[in-house]
Each structure stands twice: as structure tokens, then as C-alpha cells.
Amino acid sequence: MEYSAGPQAPVRLAVPGLRPALWRWLLRTARPAPARREAPRPGRPAGYPADGELPDGSARLPGCGAGAPPDPPPTISELYHAHRLNMVRLAVLLVDDRATAEDVVQDAFAALYKRHGEQLGEVDNALAYLRTSVVNAARSVLRRRRTARDYTPPYEANAPSAEERIVLDEEHREVFAALSGLTARRREVLVLRYWGDLTEAQIATTLGISRGSVKSLASRALDSLEKILEARS
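My numbering runs 3 ahead of the 1-based position in the sequence shown.
This is the structure:
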């Protein structure tokens, strides 16, 4: 099964803190915020789950309310059309160039299809599975680059640079370059947390590490990134 990437539309990165001042503010203050809970309605005891919330505080999936059947799992085609672009954006932040990011995501979808086919009913969480595949593939790309004597990004002759194709302004480029100065694991945690907006638990599942490791890596990554940005300012 083959999926076409379609026209090379610009990928606009929704990186937190588009201006240096806002990004530095994020570095100083960004920490996982406590979950917001609704005030209990009259007649409900304190701590009673709010609407749309499970007893453990997690969000209730659409269609999974009391007495409602769960939504059917997506097909790989539905997953592709709904999430391919977001996966490419994620991969770009991890591998630094659009062409490689496209390949990483294409390979992840191809591997998912080869293993499970069009119907993903046997996949517990198809989107999380796909995200983990993209992160792992990006890590392999970076590992291969480190072992190569020379690395030249695979840009076509006379083609726009990766930064131009991603439509990065000056502030974007500053953060993009600073991310390249982090270790692969710290970069992964930072991108998943503050760009991907994943919870610590989701990041831990994606990377196969503990929540404590996620917290530690995020804190160290923020400290390192702040030093990198300050040195360049």
C-alpha cells in the first residue's frame, strides 16, 4: 500500500513562543500544569468526576460515555489523512529537514500497514503507536548521521532550504537551531511536551521510559535550551 505525500505545501511549525521573549518566558515558567477540574455540581461530593472525566481524572474518550459504545478504531487511511501532516511536523523538529521527515513518516505508515493492514482494530492506540514509530525512526536517522563522516541534508538543487520550506521566521530559526544543540532524548521530550502537547504519561509511553525520567529530561532540556539561546542573544 502506498500513500502519496501530495503537493509540497509549506509546513508551519506551531512552536510555542514564536518570539524570543515569549520563548524565554516559556523556558523560565513552563512546567506541567495541574489538571483543571470543574467545581462539583450541587449534590455531588467534592472529588466527584466532572462531566467527560473518568474517576482517575483522565479524559473520557468521545463516544465512551455511560452506556455508549466505544468509537470504532480508525482505518489506516483515516489515520493517514487526519494525522500525516502533524507527524511530518513532529519529524521535522526531530530530524531538521523536510525531506527526511517525509520519509520517516511515510516509512512509519508503511510499516503499520504491513503489520496490521487497513483495519487497525488490533492496535490498542493507533495514533500513539504511529507517534512512537516516528520518534524511533527519527532517532535512527540521527544515529546514522552521527556515524557518517559527512552529512549533507538531502535538498534538491535550487530547491528552497528546509527552513524556507517550513516558513521559519527569525524567531523560529533561533529555536530550531537551539533544538539541534540538545541530545536526542532531551530534544524528543521537549518537542513532545511543548510542541506535541503530550502529557508526561503519554511521553513516557511513546519513549518507553518512566514518568520520572520524563520530568528529569524535560527540566534538563529546558535548562540547556535556555543557556543555548542566551549564548546566541
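Yeah, the Cβ is synthetic: ideal placement off N, Cα and C, and Gly gets one too.
{"query": "Reference residue 180; option with closest CA among 121, 227, 114", "result": "227"}
{"query": "Integer Cβ distance of residue 147 from residue 187, believed to fall under 8 Å", "result": "Wrong, their Cβ atoms sit about 12 Å apart, outside the cutoff."}
{"query": "Residue 29 versus residue 126 - alpha carbon distance", "result": "Caution is warranted here: a pLDDT of 49 is assigned to residue 29, below 50, making its placement in the model unreliable, and the coordinate value is therefore given only provisionally. Between residue 29 and residue 126, the C-alpha separation is close to 35 Å."}
{"query": "Under the three-state DSSP convention, the category residue 78 falls into", "result": "strand"}
{"query": "Span separating the alpha-carbon of residue 192 from that of residue 119", "result": "28 Å"}
{"query": "Of the listed residues 183, 144, 91, nearest to residue 232 (C-alpha basis)", "result": "183"}
{"query": "Chain D contact for residue 91 (CB, 8 Å cutoff)", "result": "Included in the structure is just one protein chain, with no chain D present."}
{"query": "Through-space distance from residue 140 to residue 123, alpha-carbon basis", "result": "21 Å"}
{"query": "Sequence-distant residues of the same chain with beta carbon closer than 6 Å to residue 134, five excluded per side", "result": "209"}
{"query": "CB of residue 196 within 8 Å of CB of residue 206, strictly", "result": "yes"}
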